[in-house]
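In order, the protein sequence lines correspond to chains A and B. Start counting at 1 in the first sequence, then tack on 175, and there's your number in our numbering. Start counting at 1 in the second sequence, then tack on 340, and there's your number in our numbering. Every residue gets a Cβ at the ideal spot worked out from N, C-alpha and C, and that includes glycine.
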Amino acid sequence: DSGVTQTPKHLITATGQRVTLRCSPRSGDLSVYWYQQSLDQGLQFLIQYYNGEERAKGNILERFSAQQFPDLHSELNLSSLELGDSALYFCASSVEYGRAGDTQYFGPGTRLTVL
Amino acid sequence: AQKITQTQPGMFVQEKEAVTLDCTYDTSDPSYGLFWYKQPSSGEMIFLIYQGSYDQQNATEGRYSLNFQKARKSANLVISASQLGDSAMYFCAMREAPFYAGGTSYGKLTFGQGTILTVHP
């Protein structure tokens, strides 16, 4: 158990819908990262927050947004869902950002299926 | 260009034998970190080992060791005394710390495509 929690574990929804994925980082970690894992794209970095502020952005679609709240939990919002958004979404957390050796610990993931 | 390359889509090893999973990387940053993660069929990502670009010695964590060859830009994972529970997908990842460039990519890990390891009894 990494100490990072993600809910829900599985999510099945229809195209055009909107969903929210939730993540609670390990105790003491200030950085939260979101990754998407799909068969065709592999593991892709989406976005990072540090202590409530956005710090880095990857190939995150405009239909996707995220935030980190004062209690440090984070939510990833996916809207106008398409079939291609079906993937495993991971949240990871680490103590800080900017250091090469800052280890990211991953949550169990949320498997999103868009029908 | 690929930043992380894992050239072995699949590897097989006999139980109790050692196995090496290859990883090469590409970066121009002097400060970076290299990580290996394990993803069993259940899906979670488990951190295994870390090597810093300035570390003088190769990292070790129990049965895992990292064969770090900086000049060749390789960071191979060695698993000794393989166990059936080692069967999983293994990912090599890199984190760059471009302080000098003032970039905004501090946080992200860049992953390779992974290697599926199968341990035979």
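Interface flag, residue i vs chain B, CB-CB below 8 angstroms
{"i": "residue 278 of chain A", "result": "yes"}
{"i": "residue 239 of chain A", "result": "no"}
{"i": "residue 213 of chain A", "result": "no"}
{"i": "residue 192 of chain A", "result": "no"}
{"i": "residue 227 of chain A", "result": "no"}
{"i": "residue 231 of chain A", "result": "yes"}
{"i": "residue 200 of chain A", "result": "no"}
{"i": "residue 264 of chain A", "result": "no"}
Under 8 angstroms between C-beta atoms of residue i and residue j
{"i": "residue 261 of chain A", "j": "residue 285 of chain A", "result": "no"}
{"i": "residue 197 of chain A", "j": "residue 211 of chain A", "result": "no"}
{"i": "residue 383 of chain B", "j": "residue 208 of chain A", "result": "no"}
{"i": "residue 220 of chain A", "j": "residue 449 of chain B", "result": "yes"}
{"i": "residue 427 of chain B", "j": "residue 458 of chain B", "result": "yes"}
{"i": "residue 346 of chain B", "j": "residue 452 of chain B", "result": "yes"}
{"i": "residue 179 of chain A", "j": "residue 282 of chain A", "result": "yes"}
{"i": "residue 404 of chain B", "j": "residue 386 of chain B", "result": "no"}
{"i": "residue 206 of chain A", "j": "residue 250 of chain A", "result": "no"}
{"i": "residue 200 of chain A", "j": "residue 268 of chain A", "result": "yes"}
{"i": "residue 360 of chain B", "j": "residue 418 of chain B", "result": "yes"}
Sequence-distant residues of its chain with Cβ nearer than 6 angstroms to residue i (five each side left out)
{"i": "residue 429 of chain B", "result": "379, 454, 456"}
{"i": "residue 413 of chain B", "result": "364, 365"}
{"i": "residue 227 of chain A", "result": "243"}
{"i": "residue 252 of chain A", "result": "195, 240"}
Buried or exposed by the 16-neighbour rule on C-beta atoms within 10 Å, applied to residue i
{"i": "residue 381 of chain B", "result": "exposed"}
{"i": "residue 204 of chain A", "result": "buried"}
{"i": "residue 244 of chain A", "result": "exposed"}
{"i": "residue 216 of chain A", "result": "exposed"}
{"i": "residue 214 of chain A", "result": "exposed"}
{"i": "residue 223 of chain A", "result": "buried"}
{"i": "residue 189 of chain A", "result": "exposed"}
Residue i Cβ short of 7 angstroms to the ligand ATP heavy atom set
{"i": "residue 216 of chain A", "result": "Ligands displayed in this structure: none; no statement on the ligand ATP is therefore possible."}
Test: residue i CB closer than 8 angstroms to a CB of chain A
{"i": "residue 378 of chain B", "result": "no"}
{"i": "residue 408 of chain B", "result": "no"}
{"i": "residue 448 of chain B", "result": "yes"}
{"i": "residue 383 of chain B", "result": "yes"}
{"i": "residue 453 of chain B", "result": "yes"}
{"i": "residue 387 of chain B", "result": "yes"}
{"i": "residue 440 of chain B", "result": "Low confidence applies here, because residue 440 of chain B scores a pLDDT of 41, under 50, leaving its location unreliable; read the following figure in that light. No, residue 440 of chain B does not count as interfacial toward chain A."}
{"i": "residue 365 of chain B", "result": "no"}
Residues near residue i by beta carbon distance below 7 angstroms, same chain, minus five either side
{"i": "residue 415 of chain B", "result": "363, 365, 374, 391, 406, 408, 432"}
{"i": "residue 461 of chain B", "result": "355, 424"}
For residue i: DSSP bridge partner residues
{"i": "residue 194 of chain A", "result": "A/253"}
{"i": "residue 373 of chain B", "result": "B/392, B/435"}
{"i": "residue 385 of chain B", "result": "Answer is none; residue 385 of chain B lacks a bridge partner."}
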